[in-house]
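This report concerns only the one structure given below.
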Amino acid sequence: MWNVDTNRRTHGPRGFDLRRYYSDMFVESVSKTTKHLTEDQGKDNIMLKEFQLLVITVTLLCHGSEIKGENHYINKWAAQIEGGLDQATRIAKRHGYSLVEAIPHLDDFYILLRDDVPTRSKRSAHHHTRRLTEDSEVIWAEQQVSKSRVKREVKASYIRSDGSVGFNDPMYNSQWYLHGKQDEHQVRRQGPIKNMAIEEAWKTGATGKGVVLSVLDDGIEHNHTDLAQNYDPFASGDLNDNDDDPFPRYDITNENKHGTRCAGEIAMIANNGVCGVGVAFKSRIGGVRILDGKVTDEIEARSLTYNLSHIDIYSASWGPNDDGNTLEGPGKLASLALQKGVTQGRQGKGAIYMWASGNGGRMRDNCNCDGYTSSIYTLSVSSASEHGIKPWYSERCASTFTSAYSSGNMADHSVVSADLHNLCTTQHTGTSAAAPIAAGIVALALEKNPSLTWRDVQHLVAWTSNMGPLEAESGWFQNAAGFCVNPAFGFGLMDAFKLVVTADPETWVNVPPQVTCTVKASNASNLPQNLNSGHFIEVQIQTNGCEDTPNEVNYIEHIEVVFSLSYTKRGDIGASLVSPSGTETVLMEPREYDRSSEGFDEWPLMAVHFWGEKPEGTWRFRVYDKVSVYSTVVSQYYVAQGR
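Read the sequence shown against numbering that gives the first Met the number 0 and you will find it ends at 642, with the numbers running on by one and no gaps.
See below:
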């Protein structure tokens with residue numbers, strides 16, 4: 000019988016008492032909504048003030064971006080047409096298209112097909128797009144692009160097996176990130192591994208039972224002995240071949256092993272004598288196959304809202320190329336799908352999107368140049384090695400939310416999982432392996448408290464992630480609200496026990512809805528400006544947090560700076576932001592391999608490093624030039640959004 004102290008105090012940043020911090024952070028609400036937080040607050044009525052996101056939008060003179068790499072145009076268009084299916088069919092026919100279908104969960108959006116356009120082309124059929132958009136009955140139209148997407152694993156290898164402790168699964172002892180144990184030689188050499196308290200969370204009874212997760216990837220081997228019992232066909236589909244079966248396509252290189260490995264981390268069956276144990280070993284697991292064929296904006300949107308009323312957590316371990324040169328985010332359809340997911344998923348509580356932060360560390364990539372992992376609607380997960388340091392492949396950025404253990408250097412342990420052909424592996428790697436572990440931990444919390452919203456999950460992860468196991472890595476700082484953050488790890492290493500205990504429905508109070516505050520730059524009249532080598536331009540944003548309006552922001556969650564600029568070499572540009580409280584963070588580091596002359600076109604730079612701070616006062620956004628001898632012309636405006 001497991002014993003655990005369920006009264007163990009849970010702490011936030013630098014050991015803050017979360018319950019006390021929670022009550023202190025919320026003040027009287029304009030809406031006069033009264034809620035009690037915990038029993039130890041006695042008879043005090045704490046009026047809840049909405050936590051918010053402050054988004055600063057900065058626009059500078061800009062260029063658009065072209066399709067590069069493996070991207071190519073196809074003969075399908077997405078179009079927004081009001082009036083229903085018959086109206087859309089009529090308009091499509093009028094312009095020489097056939098209407099394929101309506102896009103699920105996106106009202107008034109349709110897919111149109113032209114048979115006289117090549118199925119693959121480097122050049123856009125812009126004249127067809129122009130004719131569509133010139134039609135007064137067409138609100139928006141865009142030719143679809145097959146995009147390059149990379150899986151965020153580092154290397155591939157096969158298995159070994161050892162004895163087990165606690166479970167009869169032969170590789171459980173190798174799952175060091177679950178229990179913190181390692182072989183005797185390592186203990187002598189480097190000391191015991193700190194872990195994510197997953198075993199402790201299990202001892203509270205949390206197993207993920209009743210929670211449904213889906214891995215958006217290259218398929219899932221759902222007849223695998225260590226997955227079959229937990230497989231959920233209603234959380235599964237194939238958007239590459241347009242059918243219901245996400246079974247991966249076999250080839251000689253086992254290229255499509257990635258999704259099965261990610262699914263195994265989450266939901267491998269416990270005590271069945273096969274492979275290892277999943278983090279949420281009684282959860283239901285599915286897969287949506289999208290990475291073994293054309294990946295368009297439409298395909299991504301469909302995957303992000305796949306069976307939205309059924310799936311609780313979507314796990315994605317892929318994204319644009321991590322080459323230090325790519326700047327790409329969700330298209331219009333995928334962006335709308337993410338918004339739809341957090342507003343309508345889980346019966347209005349919001350779907351949870353867990354996203355791998357990227358493996359471009361060797362190429363000096365920055366995850367704020369990836370609009371999927373830096374979205375306010377996704378929970379970005381980075382990697383930590385078994386020694387509590389940043390792996391060589393991991394990226395740094397201000398939008399990284401939290402971290403989980405994964406592979407490190409060649410001599411370090413990696414992650415155990417199920418593998419293709421009913422095999423097992425000890426070599427799942429990269430941020431690809433970190434995100435599913437984090438998804439499994441969140442599943443444990445959702446089992447404990449199914450009423451958690453997507454915003455509750457973000458608050459819980461921010462407050463319960465640990466700096467301690469990762470403090471050897473440089474870059475930690477404390478913001479004005481007391482949160483310790485690091486661009487390599489976000490709020491720290493996930494702690495499953497603290498997350499589950501803090502999520503207890505007897506004590507946890509759901510956070511209020513988001514609000515949005517828009518603010519323009521205080522010195523916008525001074526723009527545009529020239530930016531010279533070795534110098535910076537500072538733009539100030541004076542705000543009262545939209546006080547006395549429905550969009551009033553009192554405590555910050557996310558910050559976004561959306562900016563545009565024209566420049567000769569994009570990789571020489573860096574940016575930082577200083578809050579009124581004096582907290583400073585780097586929003587984007589220069590990228591030495593980014594030689595693009597396209598600049599930035601309304602690109603959002605997101606940060607969670609100001610979490611909990613007050614928005615009132617002057618914010619200072621700085622854009623600086625590392626080495627370029629050429630100047631840039633910069634113009635900008637700011638929008639502060641909070642929710």
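Glycine residues also receive a C-beta, built at the ideal position from the N, C-alpha and C atoms.
Spatial neighbours of residue i within its chain, please: C-beta separation below 6 Å, excluding the five flanking residues on both sides.
i: Q477; result: C483
i: C368; result: L326
i: H223; result: A417 and N421
i: A91; result: L98 and L111
i: S384; result: P390, G407 and D411
i: G258; result: V214, D216, D217, G218, I219 and G286
Below 7 Å CB to CB, which residues in the same chain sit around residue i once its five sequence neighbours on both sides are set aside?
i: M362; result: D321, D322, G323 and Y592
i: N239; result: R288, I289, D291 and G292
i: N509; result: S450, T452 and D455
i: D107; result: Q79, I80 and E81
Roughly how many whole angstroms lie between the Cα atoms of residue i and residue j?
i: G218; j: G263; result: 12 Å
i: A315; j: T452; result: 19 Å
i: G11; j: G209; result: Note that G11 has pLDDT 41, beneath the 50 cutoff, so the model's placement of it is unreliable and the number below is only indicative. Whole-angstrom Cα-Cα distance: 28 Å.
i: T377; j: E299; result: 14 Å
i: L290; j: L215; result: 8 Å
i: L337; j: P614; result: 26 Å
i: Q142; j: L443; result: 41 Å
i: V294; j: S147; result: 7 Å
i: L604; j: R395; result: 13 Å
i: D231; j: A432; result: 21 Å
i: V278; j: G272; result: 16 Å
i: A438; j: G207; result: 10 Å
i: V149; j: N255; result: 12 Å
i: F233; j: G285; result: 7 Å
i: P468; j: K193; result: 6 Å
i: I197; j: S565; result: 48 Å
i: Y176; j: D503; result: 24 Å
i: G489; j: E136; result: 45 Å
i: T617; j: G581; result: 10 Å
i: T128; j: R301; result: 22 Å
i: G328; j: H71; result: 16 Å
Can you tell me which of the three DSSP states residue i falls into?
i: W462; result: helix
i: W317; result: strand
i: N485; result: strand
i: L238; result: coil
i: H420; result: helix
i: R119; result: coil
i: S382; result: strand
i: V273; result: coil
i: A502; result: coil
i: R283; result: strand
i: D217; result: coil
i: H427; result: strand
i: M587; result: strand
i: E556; result: strand
i: D369; result: strand
i: V415; result: strand
i: M493; result: coil
i: F166; result: coil
i: C516; result: strand
i: L445; result: helix
i: Q86; result: helix
i: P603; result: strand
Tell me which residues share the same chain as residue i and place their Cβ nearer than 8 Å to its Cβ, disregarding the 5 neighbours each side in the sequence.
i: H534; result: Y623 and D624
i: Q457; result: L378, F400 and E556
i: R331; result: In the sequence on display, residue 331 carries Lys and not Arg. Within the same chain, K331 has close Cβ partners A77, W139, E141 and D296.
i: R130; result: H94
i: A471; result: H386, G387 and I388
Buried or exposed for residue i, going by 16 or more other Cβ atoms inside 10 Å?
i: K281; result: buried
i: L84; result: exposed
i: S578; result: buried
i: S473; result: exposed
i: M409; result: exposed
i: D311; result: buried
i: H104; result: buried
i: D168; result: buried
i: S120; result: exposed
i: R283; result: buried
Less than 8 Å between the CB atoms is what I'm expecting for residue i and residue j, so what's the real figure, rounded?
i: S563; j: F599; result: 5 Å
i: G340; j: T304; result: 6 Å
i: V287; j: S334; result: That pair is no contact at about 18 Å.
7 Å is my cut-off, CB to CB: does residue i come that close to chain D?
i: T506; result: The chain inventory of the structure shown lacks chain D, comprising one protein chain alone.
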